[in-house]
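Sequential numbering of the sequence shown, starting at 5, is according to our numbering. C-beta: ideal position from N, C-alpha, C; glycine also. As the structure is a prediction and not an experimental result, all values here were calculated from the model.
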Amino acid sequence: MKRIAVFTSGGDAPGMNACIRAVVRTAVYHKLEVFGIKRGYNGMIQGDIFPMTSFSVSNIVQRGGTVLKSARSMEFKTKEGRQKAYENLKRLEIDGLVAIGGDGTFTGASIFYDEYQLPTVGCPGTIDNDLYGTDYTIGFDTAVNTALDAIDKIRDTADSHDRIFFIEVMGRDSGYIAIESGIGGGAEMIMVPETLTTFNDVIETLRQGWDRSKTSSIIVVAEGDELGNATEIAEKVKKQLPHGDYRVSILGHTQRGGAPTAMDRILASRLGVGAVEGLLKGMSNVMAGVVNNQLVYTPFKETITKNKAIHPDLIRIVDILSV
Ligand code: F6P
Numbered sequence: 005m006k007r008i009a010v011f012t013s014g015g016d017a018p019g020m021n022a023c024i025r026a027v028v029r030t031a032v033y034h035k036l037e038v039f040g041i042k043r044g045y046n047g048m049i050q051g052d053i054f055p056m057t058s059f060s061v062s063n064i065v066q067r068g069g070t071v072l073k074s075a076r077s078m079e080f081k082t083k084e085g086r087q088k089a090y091e092n093l094k095r096l097e098i099d100g101l102v103a104i105g106g107d108g109t110f111t112g113a114s115i116f117y118d119e120y121q122l123p124t125v126g127c128p129g130t131i132d133n134d135l136y137g138t139d140y141t142i143g144f145d146t147a148v149n150t151a152l153d154a155i156d157k158i159r160d161t162a163d164s165h166d167r168i169f170f171i172e173v174m175g176r177d178s179g180y181i182a183i184e185s186g187i188g189g190g191a192e193m194i195m196v197p198e199t200l201t202t203f204n205d206v207i208e209t210l211r212q213g214w215d216r217s218k219t220s221s222i223i224v225v226a227e228g229d230e231l232g233n234a235t236e237i238a239e240k241v242k243k244q245l246p247h248g249d250y251r252v253s254i255l256g257h258t259q260r261g262g263a264p265t266a267m268d269r270i271l272a273s274r275l276g277v278g279a280v281e282g283l284l285k286g287m288s289n290v291m292a293g294v295v296n297n298q299l300v301y302t303p304f305k306e307t308i309t310k311n312k313a314i315h316p317d318l319i320r321i322v323d324i325l326s327v
């Protein structure tokens, strides 16, 4: 292997820059040439590919977002799009790829590998922490801390005004951000898609709180919860318990931005090095991850099809701590 390329794809995540930096510097360290691809698969299709050096990644380890920019490519879902992408890579004699992204990115990478057998190793970059094959994904820790900071602030005002807040956090179909920020923020209730919270559970929790003279409560709602989004749930609750003072706060894309935490920078650095060294060892069509503090490689097909369950301890402690 002589020349590799790196790209970020899908929703950006804090720590992606630290990962790009690690990939570029590891390539340079091992005397590989390294190219950056702009805007994920779209840049691959459009030929927006440029040489990178150690210097190109100076001063980015601490920055949120991704200097390579990101996109969710519709064109790469087509055979013609993937063919254009392959031709651009072939023309530049790129013989290895590092894909930084989430399940959509690895679904694309897996199809691309089946068609063209270009060695590819992935680094899990998504705030959702929904990828099988790694305990944590790059960006998750920062997103949880961002959500936690917001929960702490909202608690101050909830307490001053005796209000019930429904705080909606991101995570797509996963409740990881909700459960971890909810535990950290001492939420009275955490609603996640992985466990069924009924509407009656919500009503009961609020009633019991009032019975114990609790005047304010925080309910963290994962955006993918089966009962609906935070606004819908709050409206329904208001109909049943009209005397409460309810507010909804949707944290949204703030969770995707900001400087990565130390944990994300270190994870990203470790995985970036692991991805390039994996390619050099002949690994392909796999995602680098850290499981039980060990660097591991999991086939893309498993990372995108296997479910990563929330650890049962977390679910259990939510019940214990919210009484
Ligand atoms: O996958 C990351 C994520 O932020 C999800 O948590 C969220 O559902 C989605 O992306 C939002 O996507 P977009 O930025 O395209 O609106």
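- When secondary structure is reduced to three states using DSSP, Gln50 falls in the helix class.
- For Gly108, the closest alpha carbon among the candidates Gly14, Asp177, Arg95 is that of Gly14.
- At a threshold of 7 Å, Arg176 counts as near the ligand F6P, since its beta carbon sits closer than that to one of the ligand's heavy atoms.
- Of the other Cβ atoms in all chains shown, fewer than 16 fall within 10 Å of the Cβ of Asn311; this residue is therefore exposed.
- Taking non-hydrogen atoms of the ligand F6P into account, the C-beta of Gly106 is found less than 7 Å away from one of them.
- Residue burial is scored here from C-beta neighbours: Glu227 has at least 16 other C-beta atoms within 10 angstroms and is therefore classed as buried.
- Judged by DSSP in its simplified three-state form, Tyr136 adopts coil rather than helix or strand.
- By the C-beta density criterion, Arg43 is buried, having at least 16 other C-beta atoms within 10 angstroms.
- Here DSSP, grouped into helix, strand and coil, assigns Thr302 to strand.
- Pro264 is classed as buried because its beta carbon has at least 16 other beta carbons within 10 Å across all chains shown.
- Residue range 168–173 is occupied by the beta strand (DSSP E) that includes Glu172.
- Taking one beta carbon from each stretch, the region 26–37 and the region 108–118 have fewer than 3 pairs nearer than 8 Å; the two do not touch.
- Inclusion of Ile131 in the 7 Å shell around the ligand F6P follows from its C-beta lying nearer than that to a non-hydrogen atom of the ligand.
- Ala234 is a Cβ neighbour of Glu172, given a cutoff of 8 Å.
- Lys73 and Phe11 have their C-alpha atoms spaced approximately 8 Å apart.
- Placement of the Cβ of Glu227 at a distance of less than 7 Å from at least one heavy atom of the ligand F6P is found.
- Under the three-state reduction of DSSP, Thr209 is assigned to helix.
- In this structure, Ile207 places its C-beta atom within 8 Å of the C-beta atom of Gln244.
- Secondary structure note for Arg269: it is in no beta strand (DSSP E), and the uninterrupted alpha helix (DSSP H) holding it is 266–284.
- When the five nearest sequence neighbours on each side are left out, the beta carbons in the same chain lying within less than 6 Å of the beta carbon of Gly106 are those of Gly14, Thr130, in order along the chain.
- Shown here for Asp145: same chain residues with a beta carbon closer than 7 Å to its own, the five before and five after excluded, namely Thr265, Met267, Asp268 in chain order.
- Taking 8 Å as the cut-off, the Cβ atoms of Gly126 and Met291 count as close.
- Going by beta carbons, Ala238 and Phe170 fall inside the 8 Å limit.
- In this structure, the ligand F6P has no non-hydrogen atom nearer than 7 Å to the beta-carbon of Arg43.
- Nearest to Ala279 by alpha-carbon distance, out of Met195, Cys23, Gly213, Arg7, is Cys23.
- Leu200 and Val322 have their C-alpha atoms spaced approximately 14 Å apart.
- DSSP lists no beta-bridge partner residue for Cys23.
- When only Cα atoms are considered, Val327 and Arg67 end up about 39 Å apart.
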